Amino acid sequence: MGAAFRSSTYQKNIMKEGIDTNNSDVKMVAAPPGIEGEGFFATSLDAVIGLARSKSLWPLPFATSCCGIEFMATMASTYDIARFGSERPSFSPRQADMLMVMGTISKKLGPVLRQVYEQMAEPRWVISVGACACSGGVFDTYSVLQGIDKIIPVDVYVPGCPPRPEQIIDGVMKLQELVKNEPLRRRNTPEYKALLASYGITVN
Amino acid sequence: MSQYTPLTKKIEDRYNEEIRLRENEDGSELSILNLGPSHPATHGIFQNVLLMDGERIVDAEQTLGYIHRAFEKIAENRPFYQITPLTDRMNYCSSPINNMGWWLTVEKLLGIEIPKRVQYMRVIVMELSRIADHIICNSILGVDSGAFTGFLHIFQYREKIYEIFEEICGARLTTNMGRMGGFERDWSDAAWAKLDKFMVDFPLAWEEFDRLLTRNRIFMDRCIGTGAISANRAIEYGFTGPNLRAAGVDYDLRVAEPYSSYEDFEFDIPVGTAGDTYDRYMVRQQEVRESLKIIRQALDKMPKEGGYHADVPDYYLPPKQDVYNNMEALIYHFKIVMGEIPVPKGEVYSAVEGGNGELGFYLISDGSRVPFRLHFRRPCFIYYQGFTEMIKGQYLSDAILIMSSMNVIAGELDA
Amino acid sequence: MSLTKEIILEKITAKFGEAVKVDAESLDYTAVVIDAAKAHDLVKYLRDEEGFNFLTDVCGAHFPENDKNAQFAVIYHMHNWVDRFRIRIKSFLNGENPVINTVTDLYLSANWQERETYDFYGIEFKNHPDLRRILNMDEMESFPLRKEFPLEDQGRTDKDDRYFGRLPQTNNLPNNN
Amino acid sequence: MDASQVNYIPVIIQSVFAAGFVALMLFLSHIVGPRRSSKIKDDSFECGIKSYGNARIPFSVKYFIVAILFVLFDVEVIFLYPWAVNFRTLGFVGLYKMFLFMGMLLIGFFYILKKGALDWE
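Same order as they appear, the protein sequences are chains A, B, C and D.
Per this note's numbering, the very first residue in the first sequence carries number 3; after that it's consecutive.
Per this note's numbering, the very first residue in the second sequence carries number 711; after that it's consecutive.
Per this note's numbering, the very first residue in the third sequence carries number 13; after that it's consecutive.
Per this note's numbering, the very first residue in the fourth sequence carries number 54; after that it's consecutive.
The following block contains the structure:
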């Protein structure tokens, strides 16, 4: 698929659903919208990069409590998350794409989580797995941070206590959709900078 | 978030004297290494600041409380049946044991007699979750020493145990199983069928897993002789459970203080000799076989009649169709749901043999609907104190193995 | 000689006299209430002479209604493995500055449990090797498990008390998140 | 460009393509990936807490010795490759030469063992 590079238009290109050639349950990933010709296929750089990124999200499993064990089940052979490109979990934020915060984040752990998030390389995404990470969950106590979106911006929330492995994988797939449709210029837009500034993350 | 001086600085100030003194003859100095909160090797969130002499560990300092969720404070604001969801979030690798431990404490306080059949069902559930806990511990010990396939292979059987728990109580991991006096519903035929199927093909898989690791040359070299602790030193540090039995002491609560009719089953307690990582691994391997033996005996000797809960209308929710039809059930239902159950005033301590050791519940009740004070005796929190002594003088890579062989679970550590 | 409740109680009262009282609260094991000053000696006596080789548990409790010098309590659980006999030792402490001496020199397992009790209740353990907070943040001033300390996080902005039937009372506790 | 050099052209094309692909990927990720640096991000990652002190501390010399010895004996293996490829054409003469070469290295190895460079304590 020789892709001729057109200057990436800024507008979000909404991906239309893949065309189901035959109704087999295996759904082939659809090619991004583009011009089909004799022996060539031209599309926007955003779409190609987005598709590539979405299929190779390396997770940083920030697993603290029960959701961490459910993530272990997701990584194991029955609900294999490696089918979605997340084969290699990277525990150092340098090579991680998506920060999966799983489990309770206490106030003592807040600065640690924030440090890990800030040291992740752009483009980075955050999935908050489980009720404790999303909103403090059942622990409305003096020592638990009521939701990690108080200290870091979150892209996908996965409800459940703990969410079933299918739910975690559904969260990853939702994030893949987000990544596929994200324009390359998003990280330099003023809105994104304002979002980070609202969390006190200084961005130069 | 208040800014705090990094812990490594505090430790460095404390060890400054030692660092300056210990100018090694080959010119190397002691260094401070931070095995910090977000680290692949610490399965969970706790921090070790290590004083290292090259590869060897000179001293270690632990920091806990990274997922402290104030269980004991929450337990003081919740009626009795709402505390079970708390207990299964403590040791989430074997949560049904915690639930059953809590129900045994409440039944001891309220003086409820449990029919034999329910006790046998509880024994089956506890032994199943003990197997699940040991599956995680031993397979993660394999992962830490590099044998990833063992984990992938044996973890399917933990999924099968999850399916059995789902049949019984609807949840996989945080089970919230059981009620005061028994179970919320009788076990469906699917649960019994899945249990029988599990009992057929799990022993073979377990022997396979055993053949994979136990006589593996690399695994033996890595585990034998590391992190040894003597028996009386282990008692001194308050070790209980597989870690203590690995050190050579045959203290097992199921035999020392039989509860829930454990005395009807014959099983023996595996005991190690050296108390090192390999012994802890072998004790857990053998304990899984003992648990299978117990489940088989429980399945054979299971009394047919006896229902699935004790006949205590004061504490056990009446079935829904009774509630709509007759008056007493409605009153009982209303009182139980509102938490106005008759609770005597007094203190009770009851302990259960959990996946990691003696899991105790110390309950002070002043007759009101919520416990006045509930303290959890968490085995992980107590025996993790011995970690510093066990890793002194060991290599850093062995310290990782020692930590995962002790099966320290963060949820139970910082409850 | 298998220990029974009467034997052990009579031995303890023989040794400690009136400083010891039987605790009527307990519904299961023998329980003894002892003055704070003598708690360490009782634990030492039980360990050396009576063969209680295992200190199961150390925890604290807060009884705000009790009179002035019995508002806090430290509870030790000990277990004699040979005779399979458990005992509970409770000693009440003053409400203003609860102080008791540590048993870490007798049992190493008491170290962290006493630090946790200090962390939750502010009970001072004299000559404890390293008494500082263990589970909460180091900068936390108040002791959270005391009864007057509210459960919920005070810094919350999203949970409006009016929806939960609680009047938004102005609390005078230091804001400590 | 006589005959013997011509059949090297595919090898050159192959290596150009390989190097080119690597260069292209690096260049692409350089221009596409957003670069963002802040004080905290450039700080060294120490398991989530603020790192303190510098990592350049003098460490024991035995690490360095073992590393250099490894490099030394690893290079020795590289010399074996050309010899192994035309082992048959060299015949016995080549074999003795290689024995001589290996013998000298063995002497070096035993010297190291006796001097105790490899024992770790």
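Beta carbons: idealized from backbone N, C-alpha and C, even for Gly.
Since this is a predicted model, take the numbers as computed values, not measurements.
Same chain, Cβ closer than 7 Å to residue i, five either side skipped, listed in chain order
{"i": "Ile146 (chain C)", "result": "Trp124, Arg127, Glu128, Asp131"}
{"i": "Ala900 (chain B)", "result": "Glu877"}
{"i": "Pro186 (chain C)", "result": "Here Pro186 (chain C) scores only 48 on pLDDT, less than 50, and its place in the model is too uncertain to base an answer on."}
{"i": "Asn886 (chain B)", "result": "Thr794, Pro795, Asp798, Asn809, Cys879"}
{"i": "Ser92 (chain A)", "result": "Trp60, Leu62, Ala98"}
{"i": "Leu79 (chain D)", "result": "none"}
{"i": "Pro968 (chain B)", "result": "none"}
{"i": "Leu1040 (chain B)", "result": "Val1033"}
{"i": "Gly860 (chain B)", "result": "Ser849, Gly852, Phe919, Leu922, Leu923"}
{"i": "Pro95 (chain A)", "result": "Leu62, Val118, Gln121, Met122"}
C-beta neighbour in chain C for residue i, strict 8 Å
{"i": "Gln148 (chain A)", "result": "yes"}
{"i": "Ser130 (chain A)", "result": "no"}
{"i": "Lys109 (chain A)", "result": "yes"}
{"i": "Leu142 (chain A)", "result": "Reading the sequence as shown, one finds Asp at residue 142 (chain A) and not Leu. It does; some Cβ of chain C falls within 8 Å."}
{"i": "Phe1091 (chain B)", "result": "yes"}
Spatial distance of residue i from residue j (CA atoms)
{"i": "Phe140 (chain D)", "j": "Met151 (chain D)", "result": "10 Å"}
{"i": "Gly937 (chain B)", "j": "Asp1108 (chain B)", "result": "8 Å"}
{"i": "Gly852 (chain B)", "j": "Leu923 (chain B)", "result": "7 Å"}
{"i": "Trp916 (chain B)", "j": "Gln1007 (chain B)", "result": "19 Å"}
{"i": "Lys103 (chain D)", "j": "Phe912 (chain B)", "result": "46 Å"}
{"i": "Phe781 (chain B)", "j": "Asp798 (chain B)", "result": "11 Å"}
{"i": "Ala957 (chain B)", "j": "Gly982 (chain B)", "result": "6 Å"}
{"i": "Pro806 (chain B)", "j": "Cys100 (chain D)", "result": "33 Å"}
{"i": "Met762 (chain B)", "j": "Ile846 (chain B)", "result": "30 Å"}
{"i": "Leu121 (chain D)", "j": "Ile1101 (chain B)", "result": "Checking the displayed sequence, the identity of residue 121 (chain D) turns out to be Ile instead of Leu. Each residue's alpha carbon lies about 30 Å from the other."}
{"i": "His1019 (chain B)", "j": "Met74 (chain A)", "result": "34 Å"}
{"i": "Asp1124 (chain B)", "j": "Asn1117 (chain B)", "result": "14 Å"}
{"i": "His91 (chain C)", "j": "Thr68 (chain C)", "result": "6 Å"}
{"i": "Ile824 (chain B)", "j": "Arg994 (chain B)", "result": "30 Å"}
{"i": "Leu838 (chain B)", "j": "Phe97 (chain C)", "result": "29 Å"}
{"i": "Val69 (chain D)", "j": "Ile153 (chain A)", "result": "48 Å"}
{"i": "Gly811 (chain B)", "j": "Pro34 (chain A)", "result": "56 Å"}
Residue-level contact to chain A via CB, residue i, 8 Å cutoff
{"i": "His778 (chain B)", "result": "yes"}
{"i": "Thr884 (chain B)", "result": "yes"}
{"i": "Glu164 (chain C)", "result": "yes"}
{"i": "Asn189 (chain C)", "result": "For Asn189 (chain C), the pLDDT reaches just 40, beneath the cut-off of 50, and the residue's location in the model is therefore unreliable, although a value from the coordinates is still provided. It does: the Cβ of Asn189 (chain C) has a partner Cβ on chain A nearer than 8 Å."}
{"i": "Gln866 (chain B)", "result": "yes"}
{"i": "Cys847 (chain B)", "result": "no"}
{"i": "Arg168 (chain C)", "result": "yes"}
Neighbourhood of residue i by C-beta, 6 Å cutoff - its chain only, sequence neighbours within 5 removed
{"i": "Gly1067 (chain B)", "result": "Thr950, Gly951, Pro1089"}
{"i": "Tyr714 (chain B)", "result": "Note that Tyr714 (chain B) scores a pLDDT of 42, beneath 50, so its modelled location is shaky; the value from the coordinates is reported in the next line. None."}
{"i": "Gly1 (chain A)", "result": "This structure does not reach residue 1 (chain A), given that chain A is present from 3 up to 206, and the question cannot be answered."}
{"i": "Pro1028 (chain B)", "result": "Ala1039, Tyr1042, His1043"}
Below-8 Å beta-carbon distance, residue i vs any chain B residue
{"i": "Val118 (chain A)", "result": "yes"}
{"i": "Phe97 (chain D)", "result": "According to the sequence shown, residue 97 (chain D) is Ser rather than Phe. Judged by the 8 Å Cβ criterion, Ser97 (chain D) is not in contact with chain B."}
{"i": "Ser14 (chain C)", "result": "no"}
{"i": "Tyr194 (chain A)", "result": "no"}
{"i": "Ser121 (chain C)", "result": "yes"}
C-beta neighbour in chain D for residue i, strict 8 Å
{"i": "Leu62 (chain A)", "result": "no"}
{"i": "Asp723 (chain B)", "result": "no"}
{"i": "Gln97 (chain A)", "result": "no"}
{"i": "Gly746 (chain B)", "result": "yes"}
Beta-carbon contacts of residue i that lie in its chain and below 8 Å, excluding the five residues immediately before and after
{"i": "Lys904 (chain B)", "result": "Lys870, Glu873, Ile874, Glu877"}
Just checking, does the stretch 169-177 of chain A make contact with the stretch 815-823 of chain B on the three C-beta pairs under 8 Å criterion?
no
Contact the stretch 162-175 of chain A vs the stretch 75-87 of chain A: 3+ CB pairs below 8 Å
yes
Identify every run of the alpha helix (DSSP H) within the stretch 1030-1103 of chain B, keeping only runs that are complete inside it and at least 4 residues long; order them along the chain.
1030-1035, 1037-1048, 1089-1093, 1097-1101
Does the count of Cβ pairs from the stretch 96-112 of chain A and the stretch 61-71 of chain A closer than 8 Å reach three?
yes
Can at least three beta-carbon pairs, one atom from the stretch 970-990 of chain B and one from the stretch 933-948 of chain B, be found at a separation below 8 Å?
yes
Could you tell me which uninterrupted alpha helix (DSSP H) segments, each at least 4 residues in length, are contained entirely in the stretch 776-853 of chain B, listed from first to last along the chain?
781-785, 794-797, 805-820
List, from N- to C-terminal side, the alpha helix (DSSP H) runs of 4 residues or more that fit wholly inside the stretch 57-85 of chain D.
62-85
Can you list, in chain order, the stretches of the alpha helix (DSSP H) that have 4 or more residues and sit fully within the stretch 974-1026 of chain B?
987-1010
Given 8 Å as the limit, is there contact between the stretch 83-103 of chain C and the stretch 49-66 of chain C, that is, 3 or more CB pairs closer than that?
yes
Can you list, in chain order, the stretches of the beta strand (DSSP E) that have 3 or more residues and sit fully within the stretch 93-117 of chain A?
100-104
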